[in-house]
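Reviewing the structure listed below.
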Amino acid sequence: MINKKGLIMNEIDRKIKELLETLDTSVKIEGENSLNVAYAYGNLGVLYKDKGNYDEATEYYKDSIDLTIEINKKSYETKKFYKFKSIDKNTIDMIVRDKIYFSNKEGLNDPFDCPVMNFKDEVLNSLFENKGDNEYHPKILSLVRYEDDTENEFENINNPLMWSHYAKAHEGICIEYEFDNSFLDDRIIYTKVKYKDNLKAENVIDLFAIKSKFWSYEKEVRFISFGEKNLLPLKGRITKIIFGCECKDDDRELIKELIKGKDIELYEAKRDNNDYFKLDIEKLPIIEYHI
């Protein structure tokens, strides 16, 4: 009787050989610093893990992440993003100290998020383990993408659901950030969230940015940090703050006080006079907050 395990191992060896040949060709054509090479490293990690060679698998996973970080930084251009927040101690601290917070997987509101962290894969679980000195433990900054090719710059943030879910039922704020290339210095990768009905991924990084299609209304992008800290220097700037339509007067005055001397514009979300379920976002006169 043919040994079934032996056949599986032979098939894995065949795939490894083919992938190494493909990798060699990609390096000759595109050079060593290409996404195809990074993806190949990740796929080799999967194959060596399946073969039981965990040390080899871990090194290929690391090579895939490190190369993706390097390539991502070179291709990234300055972009704007939005972040919905309640007005609390952490939000105030970030505005005053020019900091930005990255969440651990456990801090995300979707238990199906970051599927790579839910796999029963001893190699990945060990590589991404949450411990203080692990430079491969991922941390997530979730933002709403800014649409610069539309007439309404606030198109992605006048959704009442987003204000209800992430800005304390419209009592909070939405912050517009602008991040330049230096923001990616701290081992950070930028990616758009991919909304799918399956877990088919092209690379390891995709597994931090695949969400169910049910979440597509959020229009989310992510910065994935592989550094050691959750709280990082902003390395960019706040360009606008938008008050929710139920934001309290005391909170408005607090924000106005906090941004004195900063080049930050203030806006407010208001109920539309003609469409009951619609939000309009209007700029506040400068005299109201630059006193």
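Quick note: the sequence shown uses the numbering used here, first residue 35, plus one each step. Every residue gets a Cβ at the ideal spot worked out from N, C-alpha and C, and that includes glycine.
- The region 141-165 contains, as complete alpha helix (DSSP H) runs of 4+ residues, the segments 156-161 (chain order).
- Glu-189 and Tyr-251 have their C-alpha atoms roughly 11 Å apart.
- CA-CA distance, Ile-222 to Pro-267, rounds to 13 Å.
- Exclusion of the five residues before and after Tyr-75 leaves Tyr-94, Asp-97, Ser-98 and Leu-101 as the residues of its chain whose Cβ lies within less than 7 Å of its Cβ.
- In the displayed model, Tyr-170 falls within coil according to three-state DSSP, outside both helix and strand.
- By alpha-carbon distance to Ile-320, the top candidate from Asn-44, Glu-299 and Ile-174 is Glu-299.
- Looking at the DSSP output, Gly-270 sits in a beta bridge with Phe-213.
- Ranked by Cα distance from Phe-118, the first of Glu-212, Ile-63, Glu-236 and Ile-191 is Ile-191.
- Excluding sequence positions up to five before and after Lys-133, its CB lies within less than 8 Å of the CB of Asp-127, Leu-265, Leu-266, Pro-267 and Leu-268, all in the same chain and listed in chain order.
- Just measuring C-alpha positions, the residue of Trp-249, Asp-214, Asn-215 and Val-238 sitting nearest Lys-230 is Trp-249.
- The region 136-144 makes no contact with the region 102-122: fewer than 3 CB pairs, one atom from each, lie closer than 8 Å.
- Using a Cβ distance threshold of 8 Å, Val-255 and Leu-177 count as a contacting pair.
- Apart from the 5 residues on each side of it in sequence, Glu-64 sits with its Cβ closer than 8 Å to the Cβ of Asn-70 and Val-71 in its chain, given in chain order.
- By the criterion of a C-beta distance shorter than 8 Å, Phe-311 is surrounded in its chain by Pro-194, once the five residues flanking it on both sides are discounted.
- DSSP places Lys-245 outside any alpha helix (DSSP H); the residue lies instead in the beta strand (DSSP E), whose first and last residues are 244-246.
- Apart from sequence neighbours up to five positions away, the residues of its chain that approach Lys-296 with a beta-carbon distance below 8 Å are Ile-272, ordered along the chain.
- For Thr-92, the enclosing alpha helix (DSSP H) has its first and last residue at 88-109.
- In its chain, beyond the 5 residues on either side, Ser-120, Ile-121, Gly-278, Glu-280, Cys-281, Lys-282 and Asp-285 have a beta carbon closer than 8 Å to the beta carbon of Glu-205.
- Setting aside the 5 residues that flank it on each side, Glu-212 is surrounded in the same chain by Lys-114, Gly-270, Arg-271 and Thr-273, each with a C-beta closer than 6 Å to its C-beta; the list follows chain order.
- Taken through DSSP and simplified to helix, strand or coil, Asp-306 comes out as coil.
- When beta bridges are read from the DSSP output, Ser-60 appears opposite no residue.
- The residues Lys-107 and Tyr-110, in chain order, have a CB closer than 6 Å to that of Leu-218 in the same chain once the five nearest residues on each side in sequence are set aside.
- Per DSSP, the unbroken beta strand (DSSP E) holding Arg-256 starts and ends at 254-259.
- Residues Cys-279, Leu-313, Asp-314, Ile-315 and Glu-316 of the same chain have their beta carbon placed closer than 8 Å to that of Lys-304, with the five preceding and five following residues left out of the count.
- A direct Cα-to-Cα measurement between Thr-112 and Asn-215 gives close to 6 Å.
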